[in-house]
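A.B. asks:
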Amino acid sequence: MKGEIVIEPQVESVYPFINGMAAVQVAGLWGYLDKKRQHYYRTTI
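Just so you know, our numbering puts the end of the sequence shown at 145, numbered straight through with nothing missing.
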């Protein structure tokens, strides 16, 4: 399976986790991914 996409990406961009949260971009909007619950919190920033 070298070079094949097995699971489609769900985010466009992601930054490392800091204090349990990671900044992520989904559908052009930025928000946060909670490491424990895997929820997105969308922002308008």
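Virtual Cβ for every residue (Gly too), placed ideally from N, Cα, C.
So, is residue 165 buried or exposed, given that buried needs 16 or more other C-beta atoms within 10 angstroms?
C.D. replies: What is shown of the chain runs 101 to 145, which leaves residue 165 out entirely.
A.B. asks: Taking the beta carbon of residue 106 as the centre, do at least 16 other beta carbons fall within 10 Å, making it buried, or is it exposed?
C.D. replies: By the 10 Å Cβ count, residue 106 comes out exposed.
A.B. asks: On a CA-only basis, which of 122, 130, 127 is nearest residue 136? Give me that one, please.
C.D. replies: The residue with the shortest Cα to Cα distance from residue 136 is 122.
A.B. asks: To the nearest angstrom, how far is the alpha carbon of residue 108 from that of residue 126?
C.D. replies: Approximately 13 Å, taken between the alpha carbons.
A.B. asks: Could you name the residues that DSSP lists as bridge partners for residue 118?
C.D. replies: The partner list for residue 118 (beta bridge, DSSP) reads 121.
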